[in-house]
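Per the working numbering, the sequence shown starts with residue 39, numbered consecutively. I have placed the structure first, in the form of structure tokens, so that the comments after it can refer back to it.
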Amino acid sequence: MSESKIVRFSVSVEEELFEGFERFCQQEQFATRSEAVRQMIREKLTERAWAEEGREVAGTLTLVYEHHRPQLRARLLALQHEYHHWVLSTIHAHLTKDLCLEVILLRGPAQALRQLAAQLRGLKGIHKGQLVMAAAPEGGH
């Protein structure tokens with residue numbers, strides 16, 4: 039990754055908005071306001087990139103599920119194999135006697151990752167499913 043030149047700019051906001059931003063920076067433990075602004079800009083640009091047809095993204099899908107649920111594990115694996123082009127790796131952990139945590143590392147077209155996430159989150163026995171995506175660097179793997 040090449041070193042980027044820093045550009046400085048000022049922003050004018052209402053006092054109430056600034057105070058809310060200060061609380062946000064403290065709660066999220068940002069080192070500086072600049073770092074908070076950089077992260078929010080990156081998040082917004084990533085969201086916009088997802089809308090671009092064919093744009094490749096990287097991401098994680100975190101699932102918490104009941105591992106005793108009949109056929110759930112088999113369906114989870116079947117869907118991951120169906121989307122094998124985009125599933126890079128899976129991390130599995132046992133949370134309790136009945137619950138498992140699975141983190142699926144993904145890379146591919148944003149629409150395909152959203153579709154896979156929706157199918158997995160919709161399975162019976164899934165307690166939580168959260169997809170987090172970030173724009174993948176240009177130039178492939």
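By construction, the Cβ of each residue, glycine as well, lies at the ideal position given by its N, Cα and C atoms.
Check                                                                                                                                                                                     : Outcome
Check whether the Cβ atoms of residue 151 and residue 97 sit closer than 7 Å, and answer yes or no.                                                                                       : yes
Hey, residue 103 and residue 164: beta-carbon distance below 7 Å or not?                                                                                                                  : yes
Helix or strand or just coil, what does DSSP make of residue 79?                                                                                                                          : helix
So, with DSSP's three-state summary, where would you put residue 145?                                                                                                                     : strand
My assumption, with CB atoms under 8 Å, is that residue 121 sits in contact with residue 154. Please give the rounded CB distance.                                                        : 5 Å
Could you name the residues of the same chain whose beta carbon sits closer than 7 Å to that of residue 148, not counting the 5 residues immediately before and after it, in chain order? : 88, 93, 95, 171
Nearest by alpha-carbon distance to residue 128: which of 114, 134, 137 is it?                                                                                                            : 114
Would you kindly check if the distance between the Cβ of residue 156 and the Cβ of residue 84 is under 7 Å?                                                                               : no
Return the Cβ separation of residue 105 and residue 111 in integer angstroms, given the expectation that the two are a contact with Cβ distance under 8 Å.                                : 6 Å
Between which residues of its own chain and residue 137 is the CB-CB distance below 8 Å, once the five residues before and five after are set aside?                                      : 102, 103, 104, 105, 165
In three-state DSSP terms, what is residue 173?                                                                                                                                           : strand
Going by the CB atoms, is the gap between residue 124 and residue 144 shorter than 7 Å?                                                                                                   : yes
Residue 159 and residue 146 - do their beta-carbons sit closer together than 7 Å?                                                                                                         : no
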